[in-house]
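Engineer: Here the numbering used here is used: the first residue of the sequence shown is 9, the next is one more, and so on.
The beta carbon of each residue, even a glycine, is placed where N, CA and C say it ideally should be.
Structure incoming, see below.
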Amino acid sequence: MAESKDKVVRDYVVEQFQRYENYHKDRFDKAEAIYDRWIGKPPVRKYSWQNAVRVPMTFESEQTITPRLFVALFPNDAPLDIQVEGNAPKEEGIRIKHLIQHYFRVSQVHSAFHFALRQATLFGTGYTESGSWFVKRGWIINELGERVYTILESRPNCKPVNFFEMYPHPAKVSVDDGLPIIRRRFCDGEYLKTLGENPHFDFDKLDEALKSESPVSVPTMLVGADGKALNLKDKRYEILEYWGPYDQQVAKDGKTITQKSVPHWIILINRSVVVRMIPNPYNHQIPPYVRLKLYEDARQSWFGVGTGEIGYPTQERLDKIVNQRLDNVDLVISKQGAYNGNDPLINVKKLQENMPGR
9 MAESKDKVVR DYVVEQFQRY ENYHKDRFDK AEAIYDRWIG KPPVRKYSWQ
59 NAVRVPMTFE SEQTITPRLF VALFPNDAPL DIQVEGNAPK EEGIRIKHLI
109 QHYFRVSQVH SAFHFALRQA TLFGTGYTES GSWFVKRGWI INELGERVYT
159 ILESRPNCKP VNFFEMYPHP AKVSVDDGLP IIRRRFCDGE YLKTLGENPH
209 FDFDKLDEAL KSESPVSVPT MLVGADGKAL NLKDKRYEIL EYWGPYDQQV
259 AKDGKTITQK SVPHWIILIN RSVVVRMIPN PYNHQIPPYV RLKLYEDARQ
309 SWFGVGTGEI GYPTQERLDK IVNQRLDNVD LVISKQGAYN GNDPLINVKK
359 LQENMPGR
């Protein structure tokens, strides 16, 4: 029965992911092209007179806006204040403020949001994982002089999230609208083990997950001592993390009853092993993600509008039309002037139409 239930859950999550992936393919392809322009990937030239080096306009625009937004939002590493109301003692408010500021610094909230702001400026949308719980285990020497493996840290956490990892439902427009969102990422075996160390959440079938094969395996690039490529599989694990409603089915009086969908947290490894399926454990009952937008789209959308999309045509024009090779430009300019068509040194038959850069 458990296997049948896991299969239903697995098929549902995979089906939803493939649907979202196909729907957002064009958007992510455009975002990849914007990233290539930001990172300075050489453009594909159709003519030899076009420059082989990009004009860094996309990078300059992002680096102009992102630092200003970051400084405005984070004048220091923990920009918050507490207002004590009523008969509550002020000392209690001060302690709460210092405690929250401590977690701000330990979780490096400012660093995670700087990454998200850069994505929001460039792609229009940026993400952080905020509100989740971080648990770190390690070896210590206890008071009896024994080495024990125990919890070293247990605190709120804030981490940056890659723009290309998030696949929202096609109709989703806000984090709290109840529609699903799926996060797809890749990791190694050690990271999978750390997911199972959190005592607050169930994590089943770790051994089965470690033995599973990735559906999107990439050939290894390792080379042996003889200089030949090693035919080894790249041991990467695909994680599909589903946050959204899921039907709960219960057995009552010998009948299976489907209850109203409630928010769930489902983790699927390599599209084959369900390692976590629990109702959303957080009191806010929404995915633990913060979404940032640079500009709101005129049409209601999950995604915002960034400088990379707005400046895309200008970047194309700079790379392909305006930005000619300077040596050829100088060559053309140096040969310009007025000439006597009757000059015997000029071979009229060898004259040709002047093109840019020739």
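To the nearest angstrom, how far is the alpha carbon of residue 121 from that of residue 216?
Structural biologist: So the alpha carbons of these two residues sit roughly 35 Å apart.
Engineer: Please report the straight-line C-alpha distance between residue 18 and residue 213, rounded to a whole angstrom.
Structural biologist: Using only the alpha carbons, I get a separation of about 14 Å.
Engineer: Does the region 188-195 come close enough to the region 143-153 to have 3 or more Cβ pairs within less than 8 Å?
Structural biologist: Contact fails: fewer than three Cβ-Cβ distances are below 8 Å.
Engineer: State the Cα-Cα distance for the pair residue 102 and residue 123, rounded to the nearest angstrom.
Structural biologist: Looking at the two C-alpha atoms, the distance is approximately 30 Å.
Engineer: In three-state DSSP terms, what is residue 292?
Structural biologist: In the structure shown, residue 292 sits in coil (DSSP, three-state: anything other than H, G, I, E or B).
Engineer: If the criterion is Cβ atoms closer than 8 Å, does the pair residue 22 and residue 274 meet it?
Structural biologist: No, Cβ-Cβ distance for residue 22 and residue 274 is not below 8 Å.
Engineer: Taking residue 134 and residue 171 to be in contact with their CB atoms under 8 Å, please state how far apart those CB atoms are, rounded to whole angstroms.
Structural biologist: Confirmed, Cβ separation roughly 7 Å.
Engineer: Going by beta carbon distance, what residues of the same chain come within less than 7 Å of residue 125, once the five residues before and after it are set aside?
Structural biologist: Cβ within range, chain order: 74, 77, 78, 134 and 300.
Engineer: According to DSSP, is residue 17 helix, strand or coil?
Structural biologist: DSSP places residue 17 in helix when its eight states are reduced to three.
Engineer: With DSSP run on the structure shown, which of helix, strand or coil describes residue 324?
Structural biologist: Helix, per DSSP.
Engineer: Between which two residues does the alpha helix (DSSP H) carrying residue 199 extend?
Structural biologist: Residues 197-203.
Engineer: Exposed or buried, which one is residue 284 when buried takes at least 16 other CB atoms within 10 Å?
Structural biologist: Looking at its Cβ environment, which holds 16 or more other Cβ atoms inside 10 Å, residue 284 is buried.
Engineer: Let me know the secondary structure DSSP gives residue 297 once reduced to three states.
Structural biologist: In this structure, residue 297 counts as strand in the three-state DSSP scheme.
Engineer: In the DSSP assignment, find the unbroken beta strand (DSSP E) run with residue 157 in it and report its ends.
Structural biologist: Unbroken beta strand (DSSP E) run through residue 157: 155-169.
Engineer: Measure the C-alpha to C-alpha separation of residue 56 and residue 328 and round it to an integer number of angstroms.
Structural biologist: Their Cα atoms are separated by approximately 10 Å.
Engineer: Going straight from the alpha carbon of residue 251 to that of residue 119, what length do you get?
Structural biologist: Those two C-alpha atoms are separated by around 25 Å.
Engineer: Between residue 166 and residue 61, what straight-line distance do the alpha-carbon atoms span, to the nearest angstrom?
Structural biologist: Near 37 Å, if we compare the C-alpha coordinates of residue 61 and residue 166.
Engineer: Identify the continuous beta strand (DSSP E) that holds residue 248 and give its terminal residues.
Structural biologist: Here the beta strand (DSSP E) through residue 248 covers 245-254.
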